[in-house]
Amino acid sequence: MGHTSLQKIIALQRNPANIRNLCILAHVDHGKTTLADCLVASNGIISSRLAGKLRYLDSREDEQIRGITMKSSAISLHCTHGDQEYLLNLIDSPGHVDFSSEVSTAVRLCDGAIVVVDAVEGVCPQTQVVLRQAWLENIRPVLVINKIDRLILELKLSAQEAYTHLQKILEQVNAVTGSLFTSKVLEDRAEKEEEKERDIASGDYVYDCSDGLEEADDSLLYFSPDQGNVVFASAMDGWGFSIQQFANIYSQKMGIKAAVLLKTLWGDFYLNAKAKKIMKGAQAKGKKPLFVQLVLDNIWSLYDAVVTRRDTEKVEKVVTSLGIKVMARDSRHSDPKVLLAAICSQWLPVSQAVLSMVCEKLPSPLDIAAERVEKLMSVGARRFDSLPKQTQELKRAFLECSSGENSPVIVFVSKMFPVDTKALPQNRQRPLTQEELSQRRELARQRHADRMAADQAAAESNNHTGRVPQEDRPAGLSTAKMESLTLKDSKQEEEEEQKETFVAFARVYSGVVKKGQRVFVLGPKYDPAQGLRMLPEGCSASDAVCEVPHLSCCTMESIYLLMGRELEELEEVPAGNILGHFLMQMSLALNVLLCLTCTSWRGRETLSRMACNFDSILLSDTAVRE
67 MGHTSLQKII
77 ALQRNPANIR
87 NLCILAHVDH
97 GKTTLADCLV
107 ASNGIISSRL
117 AGKLRYLDSR
127 EDEQIRGITM
137 KSSAISLHCT
147 HGDQEYLLNL
157 IDSPGHVDFS
167 SEVSTAVRLC
177 DGAIVVVDAV
187 EGVCPQTQVV
197 LRQAWLENIR
207 PVLVINKIDR
217 LILELKLSAQ
227 EAYTHLQKIL
237 EQVNAVTGSL
247 FTSKVLEDRA
257 EKEEEKERDI
267 ASGDYVYDCS
277 DGLEEADDSL
287 LYFSPDQGNV
297 VFASAMDGWG
307 FSIQQFANIY
317 SQKMGIKAAV
327 LLKTLWGDFY
337 LNAKAKKIMK
347 GAQAKGKKPL
357 FVQLVLDNIW
367 SLYDAVVTRR
377 DTEKVEKVVT
387 SLGIKVMARD
397 SRHSDPKVLL
407 AAICSQWLPV
417 SQAVLSMVCE
427 KLPSPLDIAA
437 ERVEKLMSVG
447 ARRFDSLPKQ
457 TQELKRAFLE
467 CSSGENSPVI
477 VFVSKMFPVD
487 TKALPQNRQR
497 PLTQEELSQR
507 RELARQRHAD
517 RMAADQAAAE
527 SNNHTGRVPQ
537 EDRPAGLSTA
547 KMESLTLKDS
557 KQEEEEEQKE
567 TFVAFARVYS
577 GVVKKGQRVF
587 VLGPKYDPAQ
597 GLRMLPEGCS
607 ASDAVCEVPH
617 LSCCTMESIY
627 LLMGRELEEL
637 EEVPAGNILG
647 HFLMQMSLAL
657 NVLLCLTCTS
667 WRGRETLSRM
677 ACNFDSILLS
687 DTAVRE
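So the sequence shown is numbered by this note's numbering: it starts at 67 and just counts up by one.
Here's what the structure looks like:
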């Protein structure tokens, strides 16, 4: 598990205020998995040199062959920001349109998202799709404009031209966000008009010409570098930054407050060298904007010295001025990109910029929006306020995200995914103890002695009968029998290798999920009204409920921490975390993809109402009180 121990992650899981559940969304080939590799490398799980090449979260063979992400996969990362420690549950999702369902499963479990946009291609069709999905699920996005190195090396743009190009990309992304916001406001306006139809009929209605856009607050809706929700990066070269970083750097050098630089580094501002003031109107006066002068010019000159001209003297000056160390093998490498990555990854590490933005700007599980909870608990066109009172009371459990003993356990399952049975933690090979090694040596000696005795007896028997000994065949077994045994063994090995187990990809919204917990499993066709009639008062998952159609009962056999290609076994998982879990009954596991599960909590009324008001891929379970 790299440098972060399992015990450390378990400790961080108990503090939901410092948990961030996020996914990476983008169009295909915009650099999601490369960025994910950089974040994984920050925890020491893989080498930073392999970031972008290893594609660590693409664990399937077909993903590695095709070079694209096809299935969502998750990993838990440890991050220190300021004096606080954070747990980031990161989900990498596909960017290809054919795998949009995998994006939906990722978005459903998260509170925030990193939207990655290629600096050359800009907003693509799938970028619009993922922005819309994030909007509909009420999760907060942050933006990473990736592959800025392509502007330098492929398009050959100057720093000034690149700045104009980046402004246009930001406008494109905000245009999509603005259209979603406008649609939402107009939908709300239409609902209000429907509610006032009775007033119109009675003649009491006063016409309002407002469309609602003026009253709606969109101040924190858009992406803007000065708000800290945008990072400029080249994940393949290992660098990335927010303007907050450069504001802090130049605040000390120029003697200007960091807050002032933060507001003026991005925009139509320039530095008046004579007056030593920051002035407005750079474009009208033909001056270099601050972002070009203080940020982009430095990056462009570094690429020019390292990649284009390969100026050794200038590179040494840059390294000395930055106060970083470059290994001799990197300096002598034939590929200049190796030296560039060695410098940039120390000067402006992309993982530091992105993780800082995630910790500051994305919400914790405690900050889940009430509107999102109401949407989760309402199916179809049914409004939240039309639900029974007992069901509406569960909204508090979502918002509190409590792990207390009296908190109902609510778990959301977005999908099931297959895992090789041999890859499960309980089946993983472990080192032998000294006692086990001694036992195996003794058994080997015994088998050797038995074999020698059998060979000697066979030789004596052959001498008496005059037969020639068959050294290549064990005593007492014919050739045909040996072949049949060999075929049988090989067939068994193949069956064992092909055996797979389905694990649920889930999130705990309330309570604590424990290993061995009994839960109800409700299929997508389960009728809550029928269950209410047939279930006895105060029944629990320990009782027999098989007489209710599409209602089953099973045990949470194992609970796992998802670590990309690996699973780590846990005893329990508190609220606010993402997990994988295995249901004991294999026949049920295949149906959990579209099922709803819950254990009894304060009687059957809440059970049935909760089942009725979640989407079909929702699994919610409430702790058994008995």
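No residue lacks a Cβ here, since even glycine has one placed at the ideal position from N, Cα and C. These figures come from a predicted structure and were not determined experimentally.
Burial state of residue i, where buried means 16 or more other Cβ atoms lie within 10 Å
i, result
"P82", "buried"
"R511", "exposed"
"D401", "exposed"
"E459", "exposed"
"T193", "buried"
"T663", "In this predicted model, T663 has a pLDDT of only 40, less than 50, meaning its place in the structure is not dependable; the value taken from the coordinates is given anyway. Looking at its Cβ environment, which holds 16 or more other Cβ atoms inside 10 Å, T663 is buried."
"R395", "exposed"
"K98", "buried"
"P701", "Here the chain has residues from 67 to 692 only, and residue 701 is not among them."
"A408", "buried"
"K137", "buried"
"T499", "exposed"
"Q492", "exposed"
"S167", "exposed"
"T330", "buried"
Own chain partners of residue i with C-beta closer than 8 Å, once the 5 adjacent residues on each side are dropped
i, result
"E637", "K580, K581, I625"
"S430", "P82, A83, N84, I85, R86, D177, G642"
Straight-line Cα distance separating residue j from residue i
i, j, result
"L105", "W305", "12 Å"
"L154", "C145", "7 Å"
"L209", "V297", "6 Å"
"T665", "S469", "Model confidence at T665 stands at a pLDDT of 41, short of 50, so the residue's coordinates are unreliable; what they give is reported in the following sentence. Going from the Cα of T665 to the Cα of S469 covers about 16 Å."
"I644", "A515", "54 Å"
"V439", "D451", "12 Å"
"S291", "V639", "As written in the sequence, residue 291 is Pro, which differs from the Ser given in the question. Those two C-alpha atoms are separated by around 36 Å."
"K319", "D363", "17 Å"
"V705", "Q238", "Look at the range of the chain in this structure, 67 to 692, and you will see that residue 705 is not part of it."
"Q311", "S397", "27 Å"
"Q79", "V358", "42 Å"
"E257", "R449", "12 Å"
"E253", "K441", "15 Å"
"E151", "F648", "29 Å"
"A463", "T171", "22 Å"
"Q233", "M393", "37 Å"
"T135", "V189", "19 Å"
"R507", "R126", "38 Å"
"R584", "C619", "7 Å"
"A339", "V385", "27 Å"
Beta-carbon proximity check, residue i vs residue j, cutoff 9 Å
i, j, result
"R86", "L360", "no"
"S139", "L123", "yes"
"M302", "K213", "yes"
"V477", "V404", "no"
"L91", "V173", "yes"
"L175", "S480", "yes"
"A225", "W366", "yes"
"L356", "L327", "yes"
"Y336", "K353", "yes"
"L143", "E634", "no"
"L101", "I157", "no"
"M629", "I111", "yes"
"A107", "S417", "yes"
"T567", "T487", "yes"
"A419", "F307", "yes"
Residues of its chain near residue i, where Cβ-Cβ distance is below 7 Å and the 5 sequence neighbours each way are ignored
i, result
"L432", "P82, A83, C467"
"V169", "L91, S159, P160, V196, Q199"
Residues bridged to residue i (per DSSP)
i, result
"E709", "No statement about residue 709 is possible, as the shown extent of the chain runs from 67 to 692 and does not include it."
"F450", "According to DSSP, F450 bridges with nothing at all."
"L143", "L154"
"P415", "W305"
"I235", "DSSP output for I235 lists no bridge partner at all."
"K343", "N338"
"E638", "K580"
"M629", "I141, E632"
"S624", "F648"
"P207", "A179"
"A299", "G306"
Within-9 Å CB hit, residue i to chain D
i, result
"A325", "Absent from the structure is chain D; it holds one protein chain and no more."
Own chain, CB closer than 6 Å to residue i, minus 5 neighbours either side, in chain order
i, result
"E526", "none"
"Q412", "I390"
"T70", "N109, H144"
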